[in-house]
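> Protein chains in written order, with the numbering used here: chain A, 53 to 675; chain B, 2 to 462.
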Amino acid sequence: MPFKETDYDVIVIGGGHAGCEAALASSRLGMKTCLFTINIDSIGHMSCNPAIGGLAKGHIVREIDALGGEMARAADFAGIQFRMLNLSKGPAVWALRSQADRNLYKQHMRKTLEEQPNLTIKQGIVEQIITEDGTVCGVITNLGVFYGAKAVIVTTGTFLKGLIHIGLEQFVAGRAGEFASIGLSDSLKSLGFEIGRLKTGTPPRLDAKTIDFSQTETQYGDDPPIPFSYKTKEIHNPQLPCFITYTNQTTHDIIRGNLDRSPLYGGRITGIGPRYCPSIEDKVVRFSDKERHQVFLEPEGLQTKEYYANGISTSLPYDVQLRIVRSIPGLQNAEIMRPAYAIEYDFVFPTQLYHTLETKKIKGLFLAGQINGTSGYEEAAGQGLIAGINATMKILGKEPLILRRDEAYIGVLIDDLVTKGTNEPYRMFTSRAEHRLLLRHDNADVRLMQKGRDIGLIDDDTFEEFKHRRQSVADEIHRLKTTRVFPSVDVNALLQEKGTSPISEVITLEKLLKRPEIDMDFINTISPSEITKEVSQLVEIEVKYEGYIQRQLEIAERMSKLESRRIPDDFRYEGIPGLSNEVLEKLKKIKPSNIGQASRIPGITPAAISILLVALERHTRNG
Amino acid sequence: MKNLNDTIAAISTPIGVGGIGIIRISGKDAIPIAETLFKPKRNIKLSDVDSHTIHYGFIRDPKTNEIFDEVLLTVMWAPKTYTKEDIVEINCHGGYLTLSKILNLLLKNGIRLAEPGEFTLRAFLNGRIDLTRAEAVMDLITAKSEAAMRLAMRHLQGQLNDILSDLENKLLDIVSLYEAHVDFPEEDLDGNDLKNVLDTIEDLIQNLNRLSEGFHYSRLIKEGVGVCIIGAPNVGKSSLLNKLLLKDRAIVTPIPGTTRDVIEDSLEINGLPVRIIDTAGIRDTDDIIEKEGIKRTRMAVELADIVIVVCDISKGISQEDLLMIEQTRGKKTIIAINKVDLTGLDLARQKTNFLSNHEVCYISALNGFGISGLKDVIFKIAVGNMVKTDAIISNERHKHLIDMTSKALHNVVQEIRQDSPIDIILIPLREGLLYLGEITGRVISDEAILDRIFSKFCIGK
């Protein structure tokens, strides 16, 4: 019998972005929680680039914030550059991206976790998940200690049987310089989970003292910086620029001449890598006619000289890495502080999960983050938050939190994972969302804050502020709809100055604002009001896009009717006349929770859905 | 995915058969929408009439005021109807064109084309029919969708698929281009790429519209090719018909004018359905019955896709025969030189060499000589006709989807011209891709778009 230390409500395995959110959510909701990490000093560590946000990812950070998660606040605390991307392309695809000081980010996360009541942090390697009658009951660590738990959340990132490749050298590690987790993967396999293998990579880190920045382009952030979190009023850190340089033919020749020493091209790496984050050797091979590739030099923090060379991720040997780096303008004398590497790791095919992120096989066992085949800090954190909330809801016997595809990118993410699965590291893109216009950066609070409040993760002040902000928006829109502008020489002169046609009849401010050439600044000059810049922007989006948003809402509404036709857990697909074997197998594997989800499973035909509707109706009537 | 709460319509009588056709509409908007399109003879309002009552009037396009057909319209209020929803049935004159025009009018006015079996599905879900019956219908749907799949497979090998794939491919390129600009603003993408998009889209719209216009050729497949047999009295038209059909369909007598009415039957040539029409001989006559027959013959010629003029070579090519050939000007015509058993082939050829501008077949309707050659010529002309168009859309739903795609792309053009932001332009753009995908059966998922992005653009910061 192993030594038994303590019983917890929730045990979280892993202290990365998923683990932190999971542990914070469950402990904040009153669960006695323990977070196990292989290395306490690595809590909240950003293994890859020192940046948070970007397209769809920035949206997820906002959603996490609106639901009461921590990532946005950590990113604001650590942010040393903020940029709102796509400002010329319409509000649905505006996205915030930040550079983060790695150490400040970790510092904020660790402090928040340590100060959190109900949460214990332990350094240790969990080797085994213990179950009883298909229900999780605890874990055993490498020291042979047993900890009881009503729910276990596994967030192991790249650590499951992690294997690092640098050239033809390879070594077992969870991340450069850290242990891998070997036993846990086998434990999951012996519980019956289907396990696959993925690959990802990271570029070299360089010493700023040895970089000649004068040969690079400088990219500054927005001034003033816009924070992620609704709670953050101001960014305090000094802001730093990034620098851009480019590879050239010499770089590409070096790479081509050394492909035989690449573990990727030599076949030593079997895991599937992400297409959107290819190594430099991949880019050179696949796009051979491209003359140059961008390299972003991103600062790692305020107190360090380390720079992250974004764009030249590679698994080529160290000597080739040096030659690649030194062939690039500005980097001729650069010293590599940490070499680039590729890492392979185990993941669990996510179709084995419910939308709650609980596994279908083992009750009380939840998986979140890279173990589910995703990539990215934000995707991990979003899942961690949902797993933490749902583990809690399960223990409390309450309704789980399942976000719909028209409600949140987190909803799209999880629905894609559990319905379609993935074969490569899954990253979120806005193109994956069918209701992109509804899932905006600016309306994350409208979409989710009430839910965060109901769950118990949004405090009074934040919620009051939210209500106040939205009331101001509603008031201003009401004002615009009821305030009329009369045609006059002055007004028409102003309108013509703006490049829009003059008015000959009375028109409301709202109608005027709908004109493409007119913005809120203009409205404010002809009819001032005392709203904040933030509210003014929200009003502008709502008024200008009202028609489009309304149309997407209607489509979403129609689709949600299919989502509301639920398929009970115990529903038997066998013996339904007319279903092909292929369809039958898919339905049995995915166990869709409603007709909408069933219709999204690859290979399920509309005819099969009709048949399913009939069978479902019979099931309901016969009880 | 279909929505079970909107209003649907379909032609509910078999195509090409019978004198009247029925279009059925079911759903909550059935009566209000019918009301906007129906011009009753008497002063009534459809929304006020009793359930299960029939009303006489016209179907009229409210936008153009064009009258489509004279109809009888049945109103049935829920719940005592087949689907337990409000139902309107429009009885109109059965011509395929009329039915299809009225159906299109409905689709333009907010009604959705019903999926196969959807009326029954609704009937079941609304508790109108029992499970056994519903399941039987479901089986039928599966069978139908399998048949549709086979048909689709056949199309897969054909030109239609090539054209659609090409359109889809171009559209996917455009979508991927825009999506790449949205999702990867920090990549080194060429902004000029977006400038040529408008031309490509307008080109796509033209192609789609051409496809849509080619829809009427599908009639050839659905209703069969109409072949009309004409000729002077007693040249052997009815014998030819019987030989083609391999049965005694027409009464054959040596008395001229035996066939007083138009006789219609169908056969298959190499799998192509052919409706064959035997007519009364055309000639000047005082016989009233025969006059009526001749009138109908003229109409049959008018409506036919191919006309066969039969001549009796044993009597030589007569003035009457030449008049007959003259009457078919502008039609695809085959001249069938009959009774070569009496003259011999060589003499028949000699006597008709002045007809070399025409498609001529030498036959004997008596002993069957040349009949299979004649069938080949019919097939060649009919199919040759189709091949001249780009491709054939044989399915009302496909035409509808192609029109919807075209409409979506029109909206794209409008948004681009208005300088709308990319996220707005992408809405109709992806809508268009979705419609096209429904025809080809390929689901263009976001994965396919991402595939295209990653294969075309070097992404990866």
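Note that beta-carbon positions come from the ideal geometry of N, C-alpha and C, so glycine has one too.
It should be emphasised that the depicted structure is a prediction, and the values quoted were computed from it without experimental measurement.
Can you look up G128/B in the DSSP assignment and give me helix, strand or coil?
In the structure shown, G128/B sits in coil (DSSP, three-state: anything other than H, G, I, E or B).
> For M325/B, does the three-state DSSP call read helix, strand or coil?
The answer is helix: DSSP assigns M325/B an H, G or I state.
> Does Q373/A have its Cβ less than 8 Å from a Cβ in chain B?
False, the Cβ-Cβ gap to chain B never drops below 8 Å.
> How long is the line joining the alpha carbons of L152/B and I440/B, rounded to whole angstroms?
Note on L152/B: pLDDT 49, under 50, position unreliable in the model; no value is reported.
> Would you kindly report the start and end of the unbroken beta strand (DSSP E) that includes R457/A?
Taken as a continuous stretch (DSSP letters only), R457/A belongs to no beta strand (DSSP E), as it is neither H nor E.
> Give me the Cα-Cα distance between T334/B and A485/A, rounded to the nearest whole angstrom.
Cα-Cα distance, rounded: 57 Å.
> Along the chain, where does the beta strand (DSSP E) containing A31/B start, and where does it finish?
From DSSP, A31/B is part of no beta strand (DSSP E) but of the alpha helix (DSSP H) over 31-38.
> In three-state terms, what does DSSP make of M53/A?
In this structure, M53/A counts as coil in the three-state DSSP scheme.
> Over the uninterrupted beta strand (DSSP E) stretch that includes T444/A, give me the two end residues.
Careful: T444/A lies outside any beta strand (DSSP E), inside the alpha helix (DSSP H) at 429-448.
> Taking only runs that begin and end inside the segment 80-145 of chain A, name each unbroken beta strand (DSSP E) of 3 or more residues, in chain order.
Those beta strand (DSSP E) runs which fall completely within the segment 80-145 of chain A and span 3+ residues are 85-89, 103-105, 131-137.
> Contact criterion: CB-CB distance below 8 Å. Does P568/A meet it with respect to chain B?
Yes, P568/A lies at the interface with chain B (some Cβ there is under 8 Å from its Cβ).
> Does the beta-carbon of I63/A have 16 or more other beta-carbons within 10 angstroms, so that it is buried, or is it exposed?
Its Cβ being crowded by 16 or more others within 10 Å, I63/A is buried.
> For T159/A, which of L215/A, D93/A, A124/A, I104/A has the nearest alpha-carbon?
Residue identity check: residue 159/A is Gln in the sequence provided, not Thr. For the residues L215/A, D93/A, A124/A, I104/A, the minimum Cα distance to Q159/A belongs to D93/A.
> Can you give the Cα-Cα distance for L664/A and L126/B, rounded to whole angstroms?
Their Cα atoms are separated by approximately 12 Å.
> With 7 Å as the C-beta to C-beta threshold (strictly closer), list the residues of the segment 117-151 of chain A near chain B in chain order.
The segment 117-151 of chain A vs chain B, Cβ under 7 Å: L137, N138, K141, G142, A144, V145.
> Helix, strand or coil for P41/B, going by three-state DSSP, please let me know.
Strand at P41/B.
> Check the DSSP bridge columns for V400/A and list the partner residues they point to.
Answer is I247/A.
> Can you give me the start and stop residues for the beta strand (DSSP E) that D420/B sits inside?
Run containing D420/B: none; DSSP gives neither H nor E here.
> In the segment 459-488 of chain A, which residues sit with their C-beta less than 7 Å from some C-beta in chain B, listed in chain order?
From the segment 459-488 of chain A, only F481, T482, S483, R484, R488 have a Cβ closer than 7 Å to chain B.
> If you measure beta-carbon to beta-carbon, which residues of the segment 163-191 of chain B are closer than 8 Å to chain A?
The residues in question are E180, H182, V183, D184, F185, P186, E187, E188, D189.
> Can you tell which of P63/B, L427/B, I403/B has the C-alpha that lies nearest to the C-alpha of L165/B?
The residue with the shortest Cα to Cα distance from L165/B is I403/B.
> Could you say if the segment 142-157 of chain A and the segment 181-196 of chain A meet the contact criterion of at least three C-beta pairs nearer than 8 Å?
Because the criterion of three Cβ pairs below 8 Å is not met, the segment 142-157 of chain A and the segment 181-196 of chain A do not touch.
> To the nearest angstrom, how far is it from the Cα of D1/B to the Cα of I278/B?
In the structure displayed, chain B extends from 2 to 462; residue 1/B sits before or after that span and is not available.
> Helix, strand or coil for S662/A? Go by DSSP, reduced to three states.
Three-state result, S662/A: helix.
> Any Cβ of chain B within less than 8 Å of the Cβ of H345/A?
Cβ-Cβ to chain B under 8 Å: yes for H345/A.
> Taking its Cβ as the centre, do 16 or more other Cβ atoms sit within 10 Å of M98/A, making it buried, or is it exposed?
Label assigned to M98/A: buried.
> According to a CB-to-CB cut-off of less than 8 Å, which residues of the segment 657-671 of chain A neighbour chain B?
Listed by position, the residues of the segment 657-671 of chain A near chain B (Cβ gap below 8 Å) are T657, P658, A659, I661, S662, I663, L665, V666, E669, R670.
> Looking only at its chain, what residues have a beta carbon closer than 7 Å to the beta carbon of M504/A, apart from the 5 residues adjacent to it on each side?
Per the sequence shown, residue 504/A should be read as Gly rather than Met. These residues qualify, in order along the chain: A118, L119, G120, I510.
> Listed in chain order, which residues of the segment 407-423 of chain B have Cβ atoms closer than 9 Å to some Cβ of chain A?
Under the 9 Å Cβ criterion, the segment 407-423 of chain B contributes Q419, D420, S421, P422, I423.
> Is there contact here, the segment 68-76 of chain B with the segment 633-650 of chain A, by at least three beta-carbon pairs under 8 Å?
As far as the Cβ criterion goes, the segment 68-76 of chain B does not touch the segment 633-650 of chain A, which means the pair count is below three.
> Between the alpha carbons of Y600/A and L565/A, how many angstroms are there, rounded?
C-alpha separation (whole angstroms): 15 Å.
> Return the chain-ordered list of same chain residues with a C-beta closer than 7 Å to the C-beta of G508/A, the five sequence neighbours on each side being excluded.
Answer for G508/A: L81, listed in chain order.
> Going by the CB atoms, is the gap between A228/A and G214/A shorter than 8 Å?
Contact flag unset, no.
> What are the uninterrupted segments assigned as alpha helix (DSSP H) that are 4 or more residues long and contained completely in the segment 586-622 of chain A, given in chain order?
If we require 4 residues or more, the alpha helix (DSSP H) runs fully inside the segment 586-622 of chain A come out as 598-615.
> Return the first residue and the last residue of the beta strand (DSSP E) that K174/A is part of.
Here the beta strand (DSSP E) through K174/A covers 171-175.
> Of the choices F538/A, A439/A, N576/A, whose alpha-carbon is the least far from that of I529/A?
Checked all of F538/A, A439/A, N576/A; the closest Cα to I529/A is N576/A.
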